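S.K.: If you're matching positions, the sequence shown starts at 40 in the numbering used here and goes up one per residue.
My structure is below; once you've seen it, I'll send some questions.
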Amino acid sequence: MSATYTFDVFSSFDGFASISPDGDWGGYWGKQGPDLLAHRLELYSGDNRLVLGANTYREFASMLADTEVYADVLDPWVTAMRNCPTTVVSNSLAEPLDWPDARVATGDAVEVVARMKEESDVPIRSHGSLSMNRALMEAGHVDRLQVTLYPVITGRTGTQPVFAGTQDFDLELLEHTSLGGGVEELVYRPALH
40 MSATYTFDVF
50 SSFDGFASIS
60 PDGDWGGYWG
70 KQGPDLLAHR
80 LELYSGDNRL
90 VLGANTYREF
100 ASMLADTEVY
110 ADVLDPWVTA
120 MRNCPTTVVS
130 NSLAEPLDWP
140 DARVATGDAV
150 EVVARMKEES
160 DVPIRSHGSL
170 SMNRALMEAG
180 HVDRLQVTLY
190 PVITGRTGTQ
200 PVFAGTQDFD
210 LELLEHTSLG
220 GGVEELVYRP
230 ALH
C-alpha cells in the first residue's frame, strides 16, 4: 500500500505563499493564534516523513538559524516539523545538512517521491516547496492538498504565487477546520481536470 502524500501550504487569500521583505505583516501574516499553533503541532508531532525541495530547505534552514530576526518562527510546531525525518530532494546539495535527521535524495522529484510513497510506512508531508509540489500534483502523487488560508490580501507585497503555472485541477473537499482569527484550513483531494 502506498503512503499518503500531503502538500501542505500557507496562502494569503489572493494565493501567495509569502511576502516581500518590504511587507510588514510578520510571521503567519500576524494571524497565528493558539488554535492554529496547537493544530500545527499536532500535525507534525505524529509519525511523518517530511519532504522539502532544495530552495525551501535553504530558506527554512537560513530562517531557523537566525533566531534573533525570526524568534517568532521558533515555536513548538516548527520545532516538531524540523525534527521529523526529512528528505531534501536536490541535485545540488550534499550531506550533511544543517537539519536534524535529514538526508538528500538526488534525481527527479516525481521519481523520488513515487519511490518514497511505495517504501514509506508513515505518511509523507511537504510544507511549501511550491514548484516541486506542483510537479507532484501534475504527476498524480499528491493525495491531499492542505491549504491554510490566512485572511489577508497581499496584492502589493505577495510573492510566490502558490499555483502559478500549474495545470487545472478539480478539488474534492475532504476536511475543513477553523483555526481562529479567520484562519481556515482546507484539505482537498486534487485531480487533474
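We put the beta carbon where it would ideally sit given N, CA and C, even for glycine.
Small disclaimer: the values here were computed from a predicted structure and weren't measured.
(1) Let me know if Asn130 comes out buried or exposed under the rule of 16 or more other beta-carbons within 10 Å of its beta-carbon.
(2) Please name the residue, chosen from Phe49, Leu103, Thr45, Ala42, that lies closest to Leu218 on a Cα-to-Cα basis.
(3) Where Leu175 and Leu75 are concerned, what is the direct C-alpha to C-alpha distance, given to the nearest angstrom?
(4) For Gly204, which residues from the same chain have a beta carbon less than 8 Å from its beta carbon, with the 5 sequence-adjacent residues on both sides left out?
(5) Is the separation between the beta-carbon of Arg236 and that of Thr45 shorter than 8 Å?
(6) Opposite Asp209 in the DSSP bridges: which residues?
(7) For the segment 110-129 against the segment 78-88, are there 3 or more C-beta pairs whose distance is under 8 Å?
(8) Taking 8 Å as the cut-off, decide whether the C-beta atoms of Val143 and Met171 are in contact.
(9) Just list the beta strand (DSSP E) runs in the segment 111-177, keeping only unbroken ones of 3 residues or longer that don't cross its boundaries, in chain order.
(10) With DSSP collapsed to three states, give me the class of Ser41.
(11) Since Ser59 is in the alpha helix (DSSP H), which residue starts that stretch and which ends it?
(12) Straight-line CA distance for Val149 to Thr43?
(13) From Gly92, Leu225, Gly221, pick the residue whose C-alpha is nearest to that of Asp147; which is it?
M.R.: Let me spell this out:
(1) exposed
(2) Phe49
(3) 26 Å
(4) Arg173
(5) Any property of residue 236 remains undetermined from this structure, which presents the chain solely from 40 to 232.
(6) Ala230
(7) yes
(8) no
(9) 125-128, 141-144, 163-166
(10) coil
(11) That residue, Ser59, is in no alpha helix (DSSP H); it is neither H nor E in DSSP.
(12) 15 Å
(13) Gly92
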